[in-house]
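Notes to accompany the following structure.
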Amino acid sequence: MPLDLEFVRSHFPALSRSINADQSFFENAGGSFACQQTIDALHAYYVDLKVQPYSEFASSHRAGALMDSARERWAQALGVETREVVFGPSTSMNTYVLAHAFEALLESGHEVIVTNQDHEANTGAIRRAAERVGCTIREWRTDPVTGLLDIDQFESLLSERTGLVTVPHASNIIGQENDVTRISQLAHQVGARVVVDGVSFAPHSIPDVGAIGADVYLFSLYKTYSVHQGLMVVRSGLMTELPNQSHFFNAEVADKRLNPAGPDHAQVACSAAVLDYVETLHHHHGGSVDDDLRTAVASVSGLWRDHEDSLTPSLLAVLAGRDDVRLLGPASLDAVDGHRCPTVAFTPLAMEPADVAHELVQRGVQTSSGHYYAARVLDGLGVDPDRGVVRLSFVHYTSPADVDRAASALLDVLR
Ligand SMILES: Cc1ncc(COP(=O)(O)O)c(C=O)c1O
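Under this note's numbering, the first residue of the sequence shown is numbered 4, with each subsequent residue one higher.
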């Protein structure tokens, strides 16, 4: 059964609000709409449970139980253990804290492999940490024409000196999935740790983090139909090796040692409501109520992906092959192995990106322009980050009519 789009869209109230009337949302890579379950959970928490959690009185006890349950459910969904799940204010903050913790594991003889395809969140703080320790930084650079990372090049950078590798699961500009399972295997063969940024991948397919095998996997829940939190999985061996970054008395508390900010109780407690949405979708599409959460997540991710894949080619077709536009990332779904996420960035050659974005917005296409904190990617492609690109990103609740609107607006504006 294909994705029941009407059913899906009925779970996203933003789609039918007057502020969004006669418009189509293409800024999903910046932040997705929240599903009804997320909104309801936050509302209920703020009404009934907005107290310090983990005391004996009913509201406090319930708040703490919800936080624990959210962490357990996310662990099940991602195929990892509960103690490996860390919530933090954002992915940028999580990588910042992680980078500081990694300083204790890195030595001056180590090499750190970073890419120029990453969002700055998954590279800047690690580069600075490596510099502070005196490690050599090896940059795994994208192809200057395609923006893709070549795994053979990665292998040539790896050595027994490699201590750490950071890589995106998919770039927020190029959209193409990187084979992070293979990258993790190769890195582990030389004893290096691997940090994967899944922020631009998870909204399209909630990953089996356990199967990928990376040491750290991060993504942002607010781009995944949920609350404004970053979720970081730190596989257990590493969790105990990394030094505590929180108060001294939290050193042995797995969900606190890498979050010096302290948890945002309401958002942590409500973070798993999106998984209720996923299960609702699973059952609606014929999935068994006996299926475990990981099974439901995998099957719904497949439905999301098939739906997106049915729409991506028509958007790419509008932009590919034009002489007034440079499309970034693969022009088709099967150009390269792996999933091409529907994050479609391009640089107009005869107009300013900001003007194109403005004209698209005038035509009801909710989008923007900029470098999206991926300045190094653009630089590697010879695109001026200050000029930026226009980016249209969509997800599983996007309809064929939305894509038609974007396509005809693009043809009109670029004409
Ligand atoms: C690919 C990617 N990584 C990391 C981040 C940073 O996430 P956060 O906003 O949660 O810090 C973003 C944000 O746009 C992103 O797109």
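Quick reminder that beta carbons are idealized off the backbone N, C-alpha and C, glycines included.
Please read all numbers here as calculations on a predicted model, not as lab measurements.
- Rounded to the nearest whole angstrom, the C-alpha separation of residue 197 and residue 169 is 6 angstroms.
- Within the segment 130-166, the beta strand (DSSP E) runs of at least 3 residues that lie entirely inside it are, in chain order, 139-143.
- Going by C-alpha positions, residue 356 is about 16 angstroms away from residue 376.
- Rounded to whole angstroms, the Cβ separation of residue 17 and residue 36 is 4 angstroms, and the two are in contact under 8 angstroms.
- Our two residues, residue 33 and residue 226, have alpha carbons roughly 7 angstroms apart in a direct line.
- A distance criterion of 8 angstroms places the beta-carbon of residue 96 in contact range of ligand 1, judged by its closest non-hydrogen atom.
- Looking at the DSSP output, residue 179 bridges to 343.
- In this structure, DSSP gives residue 348 an extended state, which the three-state scheme calls strand.
- At least one heavy atom of ligand 1 lies closer than 8 angstroms to the C-beta of residue 233.
- Residue pairing by DSSP places residue 394 opposite 348, 371 in a beta bridge.
- With respect to the C-alpha of residue 337, the residue from 111, 353, 313, 187 having the closest C-alpha is 313.
- Between residue 80 and residue 275, the C-beta spacing is below 9 angstroms.
- Here residue 266 is buried: its Cβ has 16 or more other Cβ atoms, across all protein chains shown, within 10 Å.
- DSSP, read as helix, strand or coil, puts residue 408 in helix.
- Not one heavy atom of ligand 1 falls within 8 angstroms of the beta-carbon of residue 357.
- DSSP, read as helix, strand or coil, puts residue 235 in strand.
- The alpha-carbon of residue 104 is positioned some 15 angstroms away from that of residue 221.
- For residue 220, the enclosing beta strand (DSSP E) starts and ends at 219-223.
- Distance from the CA atom of residue 31 to the CA atom of residue 315, rounded to whole angstroms, is 14 angstroms.
- For residue 202, the Cβ falls inside the 8 angstroms cut-off from some heavy atom of ligand 1.
- Residue 70 is positioned such that its CB atom lies closer than 9 angstroms to that of residue 271.
- Assigned with DSSP and collapsed to three states, residue 32 falls in coil, not helix or strand.
- At a Cβ-Cβ threshold of 9 angstroms, residue 404 and residue 370 do not count as neighbours.
- Sorting 173, 164, 15 by C-alpha distance to the C-alpha of residue 138 places 164 at the top.
- In this chain, residue 383 is not harboured by any beta strand (DSSP E); it is covered by the alpha helix (DSSP H) spanning 378-383.
- Among the bridge pairs identified by DSSP, residue 197 is matched with 168.
- Considered as a whole, the segment 102-134 harbours no complete run of any alpha helix (DSSP H) with no fewer than 4 residues.
- Residue environment for residue 397: buried (at least 16 other C-beta atoms within 10 angstroms of its C-beta).
- The beta carbon of residue 359 sits closer than 8 angstroms to the beta carbons of 351, 372, 393, 416, 417 from its chain, once the five residues preceding and following it are set aside; these are given in chain order.
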